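Q: Pasting a structure below so you can have a look.
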Amino acid sequence: MRGRILRKSDLAGGGEMAVLLTRCAGTWLEHPADAAEQERLTAAARQLREQRPLALELHRDEKALDALCIEIFRGEAFAPLHFGPLLIDKMIAHVGEPPVVDEGEADIFSEYLRRAVLSVAVPNTRRFLATQLRRMLPAYAEQGRWREAIAIDYSAFRTSLGNEVTPYLAQMALAGLADYYDEAEFDEQA
Numbered sequence: 003m004r005g006r007i008l009r010k011s012d013l014a015g016g017g018e019m020a021v022l023l024t025r026c027a028g029t030w031l032e033h034p035a036d037a038a039e040q041e042r043l044t045a046a047a048r049q050l051r052e053q054r055p056l057a058l059e060l061h062r063d064e065k066a067l068d069a070l071c072i073e074i075f076r077g078e079a080f081a082p083l084h085f086g087p088l089l090i091d092k093m094i095a096h097v098g099e100p101p102v103v104d105e106g107e108a109d110i111f112s113e114y115l116r117r118a119v120l121s122v123a124v125p126n127t128r129r130f131l132a133t134q135l136r137r138m139l140p141a142y143a144e145q146g147r148w149r150e151a152i153a154i155d156y157s158a159f160r161t162s163l164g165n166e167v168t169p170y171l172a173q174m175a176l177a178g179l180a181d182y183y184d185e186a187e188f189d190e191q192a
């Protein structure tokens, strides 16, 4: 049986899916991209193509590019894209609670995070999360922050079409888990 497909209205990001999958409720990312935003996205993509020499330079060292992506996605601007409670609940249902590990056991947690992300990163979810990420592109392109814009575009592409745990998916899942447990702790204290 086929899973739910993305509605045409979801292809531009925002909407009901955005609120279900991420923590964008109450932000501009909650709403589908309007015509003006679509024009900004198109202009940013066109400008980004002109940065091909820089993109080629960044792609020569994939580990450094992945590290740049993680650094970018830790920023507060990406907080609305953290995995929401629905995805976190599904991750926990599929692979259990995250392990509590000591400093030297980072590989154990990394493996947990990889399995957890892959349990929810089905094709439609990946495409939708990548679409939401691409909506951040104009802000960086308009400021001439080309390294970051290239990293965002690269991450959106890999997230949308791949079957791997990209730096974007890993960071949004990790931050989503932190948000989830912070809220659970707050609820217990209340």
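Counting in the working numbering, the sequence shown runs from 3 upward without gaps. Positions of the beta carbon are idealized from the N, C-alpha and C atoms, including for glycine. Since the model is a prediction, treat every value here as computed from it, not as a measurement.
Within 10 angstroms of the Cβ of R25, are there 16 or more other Cβ atoms? Answer buried if so, exposed if not.
A: With 16 or more other Cβ atoms within 10 Å, it is buried.
Q: Leaving out the 5 sequence neighbours to the left and right, which residues in its chain are closer than 6 Å to A186 when beta-carbon positions are compared?
A: none
Q: Quick one: is P125 buried, meaning 16 or more other Cβ sit within 10 Å of its Cβ, or exposed?
A: exposed
Q: With a threshold of 7 Å on Cβ separation, who are the neighbours of R9 within its own chain once the five nearest residues in sequence on each side are excluded?
A: With a pLDDT of only 43 at R9, under 50, the local geometry of the prediction cannot be trusted, and the value read off the model is given with reservation. Once the five neighbours on either side are set aside, R9 has no close Cβ partner at all.
Q: Do three or more CB pairs link the stretch 148–168 to the stretch 43–50 at distances below 8 Å?
A: yes
Q: Taking the runs of the alpha helix (DSSP H) that are 4 residues or longer, which of them lie wholly in the stretch 41–78?
A: Fully enclosed alpha helix (DSSP H) runs of no fewer than 4 residues occupy 54–61 and 64–75 of the stretch 41–78, in order along the chain.
Q: Out of curiosity, what's the CA-to-CA distance linking G106 and R42?
A: 45 Å
Q: Identify the residues that DSSP records as bridge partners of T24: which are they?
A: According to DSSP, T24 bridges with F85.
Q: Quick check: the stretch 75–91 against the stretch 108–117, are there 3 or more CB pairs under 8 Å?
A: no
Q: If the criterion is Cβ atoms closer than 8 Å, does the pair A153 and L56 meet it?
A: no
Q: In chain order, what residues of the same chain lie with their CB nearer than 6 Å to the CB of L60, ignoring the 5 residues before and after it?
A: L67 and I152
Q: With DSSP as the reference, label A118 as helix, strand or coil.
A: helix
Q: To the nearest angstrom, how far is it from the Cα of Y183 to the Cα of L23?
A: 17 Å
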